[in-house]
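Asks: Numbering (the numbering used here), first residue to last: 385 to 728.
C-beta atoms are modelled at their ideal positions from N, C-alpha and C, and glycine is treated no differently.
One structure is given below, represented as structure tokens, and several questions about it will come after.
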């Protein structure tokens with residue numbers, strides 16, 4: 385049976401909520417009247433992205449980095465600006481990318497150094513009509529590309545860099561990325577049967593190549609084994625018989641598939657069959673044309689050079705058991721990096 389007092393209780397609760405809301409509004413208005421800045425509304429729902437033009441820049445190249453804000457909501461979001469911009473400007477303002485001297489939005493870290501603010505250049509005078517806010521429609525995107533070296537000269541030195549961007553201060557939204565400045569490298573895989581030189585696919589698979597470079601520098605591949613050899617198919621390695629089968633930190637790398645063909649000497653990252661984004665440390669080398677692998681695995685390089693291909697052919701002839709396990713140890717003694725050949 386319905387309770388006849390129930391509507392009255394709902395009414396009492398509703399009136400209490402209204403009184404509480406009115407009190408909160410009064411508090412907010414009084415704070416604003418005291419000259420304190422009202423909290424930003426909506427901008428915390430934006431998604432920030434920061435992407436370098438490549439993950440490894442050659443010394444002397446422009447360090448082009450793109451900064452983007454995305455509105456993933458169904459509402460238009462207003463973005464207030466500290467510095468007015470020209471009315472109708474369609475690029476992300478530098479004031480949002482860099483912030484101010486007192487409140488920098490962009491910080492850079494070199495190798496293991498501390499974070500350093502990327503300082504904003506002096507604001508340019510804007511002629512004509514100006515705007516003090518941006519209205520970003522639902523699903524809209526606004527971005528800008530900058531040459532980082534022009535704003536932070538130390539970024540020209542060889543090494544690893546880490547960027548952290550917080551366009552509105554605080555922790556949300558936040559975007560991070562990393563890149564290196566160095567001459568491009570070839571990898572030398574040393575085995576008991578000879579060496580193989582590998583040209584790395586920097587442009588086609590930047591994140592997977594960066595992962596491979598990191599593991600090589602950490603000496604992860606020293607004394608690992610090619611534990612599976614399928615004659616005419618592939619040989620898989622990058623793991624130790626009694627050691628880690630993947631990166632020690634458990635990190636996995638997203639797929640970077642291309643239309644490139646899997647031929648003799650192609651090197652690609654291994655992954656789980658049910659997850660294309662599960663590449664870690666293991667890799668395989670094709671021992672012949674493998675059309676069934678095209679577009680299914682991330683290619684990180686190719687074995688090249690007469691001596692290297694001869695070594696690969698020797699390894700391909702290793703005796704194996706019925707399950708493809710070599711009957712003798714096929715070890716990778718080391719993988720080292722050398723400067724890539726000109727034009728490679």
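#1: Taking 8 Å as the threshold (C-beta atoms), are residue 431 and residue 522 in contact?
#2: Check whether the Cβ atoms of residue 544 and residue 609 lie closer than 8 Å to each other.
#3: Compare the Cα-Cα distances from residue 527 to each of 504, 694, 449 and 456 and report the closest residue.
#4: Go to residue 494, then tell me how far its beta strand (DSSP E) extends in each direction, as first and last residue.
#5: Alpha carbon to alpha carbon, how far is residue 572 from residue 715? Give it in angstroms, no decimals.
#6: Quick check on residue 676: buried or exposed, where buried means 16 or more other Cβ atoms within 10 Å of its Cβ?
#7: From the DSSP output, which residues share a beta bridge with residue 718?
#8: For the alpha helix (DSSP H) containing residue 590, name the first residue and the last one.
#9: If residue 460 and residue 519 are in contact, beta carbons under 8 Å, what's the gap, nearest whole angstrom?
#10: Count the other CB atoms within 10 Å of the CB of residue 551; is the residue buried (16 or more) or exposed (fewer)?
#11: Please name the residue or residues paired with residue 540 in a DSSP beta bridge.
#12: When the Cβ atoms of the segment 667 to 674 are set against those of the segment 705 to 721, are three or more pairs found closer than 8 Å?
#13: Ignore the nearest five residues each way along the sequence and tell me which others in residue 595's own chain have a CB closer than 6 Å to its CB.
#14: Could you check if residue 471 is buried or exposed, using at least 16 other CB atoms within 10 Å of its CB as the buried criterion?
#15: Could you tell me whether the segment 598 to 612 touches the segment 641 to 655, using the rule of 3 or more Cβ pairs below 8 Å?
#16: Hey, which unbroken runs of the beta strand (DSSP E) at 3 residues or more fall wholly within the segment 663 to 697?
#17: DSSP puts residue 547 in a beta bridge; with which residues?
#18: DSSP state of residue 700, grouped into three classes?
#19: Please report the distance separating the alpha-carbon of residue 706 from that of residue 612.
Replies: Inspection of the coordinates gives the following:
#1: no
#2: no
#3: 449
#4: Unbroken beta strand (DSSP E) run through residue 494: 490 to 494.
#5: 14 Å
#6: exposed
#7: Under DSSP, residue 718 shares a beta bridge with 574.
#8: First-last of the alpha helix (DSSP H) with residue 590: 590 to 601.
#9: 6 Å
#10: buried
#11: Answer is none; residue 540 lacks a bridge partner.
#12: no
#13: 637
#14: exposed
#15: no
#16: 667 to 670 and 683 to 688
#17: 492 and 561
#18: helix
#19: 11 Å
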